[in-house]
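If you use the working numbering, the sequence shown corresponds to residues 1244 to 1829, in order.
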Amino acid sequence: MSGGDHGFPFLRETLLYLTLAGVLIPLLQRLRINQVLGFLAVGTLVGPAGLALWADRWPWLSWFTFPRAEGVAMLAELGVIFLLFLIGLELSAARLWAMRRWVFGAGTGQVALTALVIGAIAAAFGNSLPASVVLGLVLSLSSTAMVVQLLAQQRALASPTGQAVFGVLMLQDLAVVPILLLVDVLGGPAQAAVGPLVAVAALKSVLVVGLILLAGPRVVGPLFRAFARHHQPEVFVALTLLVVLGMAGLTAVAGLSMALGAFLAGLLLSETAYRHEIEVTLEPFKGLLMGLFFMSVGMGLDLREVARDPVWLALSVVGLIAIKAGVAAAVMRLAGLRTGRAIEAGLLLGQGGEFAFIVVAVAVTGGLLAPPVGQFMLLTVTASLFATPAVAHLASAIARRTERRRAQADQEDSGVADEALSGHVIVAGAGRVGQLLIDVLSRQGVPFVAVDPDAHVVSRLRSQGLPVHYGNAARLDLLQRLHAERAAAVLITMDQPGPAMHLVQAVRQNYPHLPVFARSRDETHALELLQAGATMVVPETLEAALQLAGVALQEVGLPDADAAEAVMQAREARVGGHDRREARRG
C-alpha cells in the first residue's frame, strides 16, 4: 500500500523513516556506533536493492522496506537540502578567517593536489576528460559528518590535529558549490562548446549568488526582527524553513541546484544575531536530518555490484584511502603540523565524502558518468566510510607512537633533568590542572620539572620551552633521574586513581621525607591517597563545594572567621579522619 492511496504522497515511506530514526538514533548512541555508518547500513538493508527485492514474494516486507525508487529520491532531496543548510550555518566569515591558514592554505592544497592525482588515474583507466575531472574533484572531498563526529568522540576537535582537519573540511564544504556548477556545465547538451557554456553558467551563477548575498541580508534580518519579538518558537521555525526552502526555490528557478540555495541560506543566517537561536532550535532535528540524508544514500546502493568484483572494490578502497591520506599528510606537514599529527590528519581525511553521492548522481543524470561507473564509485566511497573508524584508530596509534618517539628523543637530548636541579617541585601530570600549576610556578620563579604520559601534551609544552618530560612518574628510575632525593615536593595532578596511588606509594617507600600533595576526584579517593601516605589531598568536588559554602555563609552575614571555621570543620569531617601527620612518618 503506498502513501498515494491516502492522498498523501509517500506517507508510508515517511512514517517508516520516522520509525526507523526513532529507534536507531538512541540505539546507536547507546551502543556507541557511528551514526553515519548505522544509517548507511540500515538504508542499504531496507532500500530498493535490499530486502525490498523480496517484497513481491513476501508482501509483508513492503511494510518495512522502501521498494519504490521515487520515494527514496524524495527523501534524498530533502536530506541534501537540509544538510547543505546546516553546513552553511556553521561557515561564518569570522570562523573562516580565524582558521584561514588551514582553510585556504592547507584546504586548497589538499583538494587541488588530490583532484589532480585521482583525475590522472581516472583518465589512465579510459575515462573521458570531463569524467576524469569530475571524479578527481569529487573524490578529493572527505566526510565532514563522519570525521567531525570521530573527533568529537575523541575530544580532539580543539587539538592541533582537530583544528587542522576541521579547517580542511570547511574548504571542502565550500568547494561543493563550484563543483556542482561545473558538473552542470560539463553535463550540458553541447559539451563540444564547453568554453561558452562555462562563461554563461559562471555569469548566471555570479548574478544569482550575488543577488542573494546582497539582497538577502536586507530581507532576512528585518524579517526575523519583525517576527522574533513575539517569542513564539513555532514562528521562528516557520521563518527558518521559509528562508531555506525559499532560497532553494530561487536557485532552482535560475537553473542552479536547490542545494546551492540551501547552502546560501545557511551562510546568510550565520552572519545574523539569530544564528545561535536557529542552531538551538534545530538541534533536536539535527540527528533526524543527518539520518535522512545518510539513510537515503544507503537506499541508493546496490550490494549486488559488490559480489560482481569484490577484489577490485577492495583494491579501489585501499587505493583511495592511501592516495588521499598521503597527499593530505604531505600538505599538513608543509603547513606546519608535526609528522605524527600530519599522518593522523591525512588518515582521518582518507575516506570519500557524503557529497560524492550528490555529485555522482548529478553526473550520471547529465551523462558525464556511465551508470555502472557511478554505482562503483558510490560503493567505493561507502566502503571507505565503513573503514573510517578502524583507519581513525590506526591514525591515533601511529600519531601516539610517533610523538612518543619524538618526546623520548627530546628527553634523551635534554638529559631528562638538569643535574644541578635542587629544591625543585616535581609535577606529575601536565593536563589542565598540571598546566595551571606549571604556570603559577613559572611566574613565581620556582624551579620545577613535570612528567606526563601523553606524548602530544609533552611535545606541545616542550615547544614552549617548558621542562616537561615523557614518562610514568611512578617508575623509580625516572624519579631518580628527576633527582627526587633533592626535590622540595611532589605535586600529583593526575585524576586516574591507579597511577596516582602507585606514585604515592613509590615516593613514600623510596623518599619518606618528601612531601606529596595530591589531587583527587572525590573524598573516597582522597582517603585512599592519605592512607597510602600522601601529605595532603585536595578533592576536586569537595573543595569546590566548600568554597561555595564559605561564600554563601559570608553573604548571609556570618563573620569571615566563623565561615572559615565552618568550612574547615566540614573538610575535616569528610577527609580528616586520617591523621595527615601520620603520612609524614618514616
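A virtual CB, placed ideally from N, CA and C, is assigned to each residue, including glycine.
Helix or strand or just coil, what does DSSP make of residue i?
i, result
"residue 1761", "strand"
"residue 1693", "strand"
"residue 1794", "helix"
"residue 1712", "strand"
"residue 1781", "strand"
"residue 1597", "coil"
"residue 1261", "helix"
"residue 1753", "helix"
"residue 1455", "helix"
"residue 1748", "helix"
"residue 1687", "coil"
"residue 1299", "coil"
"residue 1354", "helix"
"residue 1799", "coil"
"residue 1254", "helix"
"residue 1389", "helix"
"residue 1658", "Its pLDDT being 47, under 50, residue 1658 is placed unreliably in this model, and the coordinates cannot settle the point."
"residue 1718", "coil"
"residue 1274", "helix"
"residue 1580", "coil"
"residue 1707", "coil"
"residue 1725", "coil"
"residue 1648", "helix"
"residue 1287", "helix"
"residue 1397", "coil"
"residue 1666", "coil"
"residue 1310", "coil"
"residue 1342", "coil"
"residue 1331", "helix"
"residue 1244", "The predicted position of residue 1244 is uncertain, since its pLDDT is 45 and thus under 50; a value taken from the coordinates is nonetheless stated next. Residue 1244: coil per DSSP, three-state reduction."
"residue 1610", "coil"
What distance in whole Å lies between the Cβ atoms of residue j and residue i, which are believed to be in contact at a cut-off of 8 Å?
i, j, result
"residue 1511", "residue 1521", "About 11 Å separates the two Cβ atoms, so there is no contact after all."
"residue 1617", "residue 1624", "Wrong, their Cβ atoms sit about 11 Å apart, outside the cutoff."
"residue 1362", "residue 1376", "6 Å"
"residue 1359", "residue 1379", "7 Å"
"residue 1735", "residue 1709", "Going by Cβ atoms, the distance from residue 1735 to residue 1709 rounds to 18 Å, so no, they are not a contact pair."
"residue 1506", "residue 1339", "With 8 Å as the limit, residue 1506 and residue 1339 do not qualify as a contact, their Cβ atoms being about 14 Å apart."
"residue 1591", "residue 1390", "5 Å"
"residue 1308", "residue 1322", "That pair is no contact at about 18 Å."
"residue 1596", "residue 1384", "4 Å"
"residue 1593", "residue 1540", "In fact, because the Cβ distance is near 19 Å, the residues do not count as touching under 8 Å."
"residue 1374", "residue 1611", "5 Å"
"residue 1353", "residue 1602", "Incorrect: roughly 17 Å between the Cβ atoms, too far for contact."
"residue 1503", "residue 1411", "Not confirmed; about 21 Å, so no contact."
"residue 1534", "residue 1270", "Wrong, their Cβ atoms sit about 12 Å apart, outside the cutoff."
"residue 1751", "residue 1787", "Contact flag wrong, Cβ pair sits at about 27 Å."
"residue 1289", "residue 1298", "So it is not a contact: roughly 10 Å between Cβ atoms."
"residue 1580", "residue 1407", "6 Å"
"residue 1727", "residue 1694", "Between residue 1694 and residue 1727 the Cβ distance is about 11 Å, and since that is not below 8 Å, they are no contact."
"residue 1809", "residue 1796", "6 Å"
"residue 1286", "residue 1542", "5 Å"
Measuring CA to CA, which of the options is closest to residue i?
i, options, result
"residue 1284", "1536, 1688 and 1645", "1536"
"residue 1349", "1684, 1611, 1786 and 1577", "1577"
"residue 1731", "1746, 1492 and 1760", "1760"
"residue 1489", "1470, 1462 and 1477", "1462"
"residue 1515", "1717, 1468 and 1387", "1468"
"residue 1387", "1372, 1365, 1415 and 1366", "1415"
"residue 1330", "1527, 1509 and 1343", "1509"
"residue 1566", "1675, 1355, 1297 and 1762", "1355"
"residue 1780", "1733, 1755 and 1798", "1733"
"residue 1631", "1613, 1258 and 1588", "1588"
"residue 1711", "1670, 1548 and 1683", "1670"
"residue 1424", "1413, 1756 and 1500", "1500"
"residue 1333", "1518, 1426 and 1494", "1518"
"residue 1413", "1344, 1599, 1370 and 1372", "1344"
"residue 1554", "1273, 1598, 1757 and 1626", "1626"
"residue 1707", "1696, 1723, 1685 and 1600", "1685"
Please name the residue or residues paired with residue i in a DSSP beta bridge.
i, result
"residue 1735", "1671 and 1761"
"residue 1479", "For residue 1479, which the question treats as bridged, DSSP gives no partner whatsoever."
With a threshold of 7 Å (Cβ to nearest heavy atom), would residue i be considered close to the ligand MG?
i, result
"residue 1676", "Ligands in the displayed structure: none, and consequently the ligand MG is not present."
Taking 8 Å as the CB-CB cut-off, is residue i touching chain C?
i, result
"residue 1759", "Protein chain content of the structure displayed is limited to a single chain, and chain C is not contained in it."
Counting only runs that start and end within the stretch 1401 to 1435, where is the alpha helix (DSSP H) found for 4 or more residues in a row? Runs of the alpha helix (DSSP H) inside the stretch 1401 to 1435: 1403 to 1429.
Which full runs of the alpha helix (DSSP H) of 4+ residues lie inside the stretch 1502 to 1563, going along the chain? 1518 to 1542 and 1547 to 1551
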